[in-house]
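K.L.:
Residue numbers (this note's numbering): 41 to 136.
Here it is as structure tokens:
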């Protein structure tokens, strides 16, 4: 399944899981947003972590979303974006 199809199918559940894992303002970026994703693409999600969120929470969130959708999921925060892509991702990312 393409990540864009998984996002359409599981959007409500994805948003609920993200909220459960101490994150907010979930946004999609990358090939899914651009409409160029393939079966081998991943689902790129940008989140704003809540104050109590730990690295373990991000790993658990990634795992849970992969189990739900059946596609590879990358979870990033604004601080984890490389300088070369940060401005573009923050400008173009769209709410889930």
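Don't be surprised by glycine CBs; every beta carbon is placed ideally from N, CA and C.
Fair warning: this is a prediction, and the values are worked out from it, not measured in the lab.
Cα separation between residue 83 and residue 67?
P.N.:
Those two C-alpha atoms are separated by around 11 Å.
K.L.:
For residue 90, which of helix, strand or coil comes out of DSSP?
P.N.:
Coil at residue 90, not helix or strand.
K.L.:
Starting from residue 115, trace the beta strand (DSSP E) both ways and give me its first and last residue.
P.N.:
Residue 115 -> beta strand (DSSP E) spans 113-116.
K.L.:
Flag this pair as yes or no: are the beta carbons of residue 63 and residue 97 separated by less than 9 Å?
P.N.:
In this structure, residue 97 lies closer than 9 Å to residue 63 by Cβ.
K.L.:
How about residue 61 and residue 41: do their beta carbons lie closer than 9 Å?
P.N.:
Contact flag unset, no.
K.L.:
Please report the residue range of the beta strand (DSSP E) in which residue 133 lies.
P.N.:
Here residue 133 belongs to no beta strand (DSSP E), and DSSP marks it neither H nor E.
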